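Presented below is the structure to which this report refers.
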Amino acid sequence: MKGATMKVTLEKLGIMTSYSRPRASHDNPFSEALFRTCKYLPDWSAKGFAAKADAQAWVKSFASWYNGAHLHSAIRFVTPNMRHVGQEHDTLANCTILYATARAQKPERWSGKTRNWQPAGPVWLNPERDTSAPEIRDAA
Numbered sequence: 002m003k004g005a006t007m008k009v010t011l012e013k014l015g016i017m018t019s020y021s022r023p024r025a026s027h028d029n030p031f032s033e034a035l036f037r038t039c040k041y042l043p044d045w046s047a048k049g050f051a052a053k054a055d056a057q058a059w060v061k062s063f064a065s066w067y068n069g070a071h072l073h074s075a076i077r078f079v080t081p082n083m084r085h086v087g088q089e090h091d092t093l094a095n096c097t098i099l100y101a102t103a104r105a106q107k108p109e110r111w112s113g114k115t116r117n118w119q120p121a122g123p124v125w126l127n128p129e130r131d132t133s134a135p136e137i138r139d140a141a
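Residue 2 is where the sequence shown starts when you use the working numbering, and the numbers rise one by one after that.
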């Protein structure tokens, strides 16, 4: 038996590897962000869990915090639960008012515009490409 790297084995089988994200179901930036958040929490057990029940309890607690308390920057610092039940509009409207008031009271603190507090809109893992626009190519 002879050892070979995974890349060499795939190439022998006629499978070309790719490192790009578009349309790759196995390369999910949302799940990678979730795993990174999970890994860097202070209560993450670097030594593992003593029992399956301990791991399940930790994951349940983590999922509850991640969806109900953790503010996500990609969706304008609201929680996924707020977004799912439609509370993001009120929260973001309050943020808009708060930032406008703060800027009016201390304009020297602001060198440019304030943060965008408009709802983020739909978020897609693999959005469909706009095929109606003509593709621009170099004339080289």
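We put the CB at the ideal spot given by N, CA and C, even for glycine. Predicted model only: the values in this text are computed from it and were never measured.
N- and C-terminal bounds of the alpha helix (DSSP H) containing I98 = Within the sequence shown, numbered from 1, the residue matching residue 98 stands at position 97. Unbroken alpha helix (DSSP H) run through I98: E89 to Q106.
Which value, in whole angstroms, describes the spacing of the CA atoms of A75 and N95?
-> Within the sequence shown, numbered from 1, the residue matching residue 75 stands at position 74. Within the sequence shown, numbered from 1, the residue matching residue 95 stands at position 94. Roughly 18 angstroms separates the two Cα atoms.
Counting along the chain, where does the alpha helix (DSSP H) carrying S62 start and finish?
-> As a working mapping, residue 62 is identified with position 61 in the sequence shown. Segment K53 to G69, the alpha helix (DSSP H) holding S62.
Simplified DSSP state of V79, which is helix, strand or coil | Taking the first residue of the sequence shown as 1, we reach residue 79 at position 78. V79 falls in the strand class under three-state DSSP.
Between N82 and G69, what straight-line distance do the alpha-carbon atoms span, to the nearest angstrom?
-> As a working mapping, residue 82 is identified with position 81 in the sequence shown. As a working mapping, residue 69 is identified with position 68 in the sequence shown. Approximately 6 angstroms between the Cα atoms of the pair.
Through-space distance from H73 to G113, alpha-carbon basis = The residue given as residue 113 occupies position 112 in the sequence shown. The residue given as residue 73 occupies position 72 in the sequence shown. Cα-Cα distance, rounded: 23 angstroms.
DSSP beta-bridge partners for H85?
-> Working through the sequence shown from its first residue, we reach residue 85 at position 84. Its beta-bridge partners do not exist; DSSP assigns none.
Assigned exposure category for E89 - 16 Cβ within 10 Å defines buried | Taking the first residue of the sequence shown as 1, we reach residue 89 at position 88. Label assigned to E89: buried.
Report buried or exposed for L93, applying the criterion of at least 16 other Cβ atoms within 10 angstroms of its Cβ.
-> Looking up residue 93 in the sequence shown gives position 92. So L93 ends up on the buried side.
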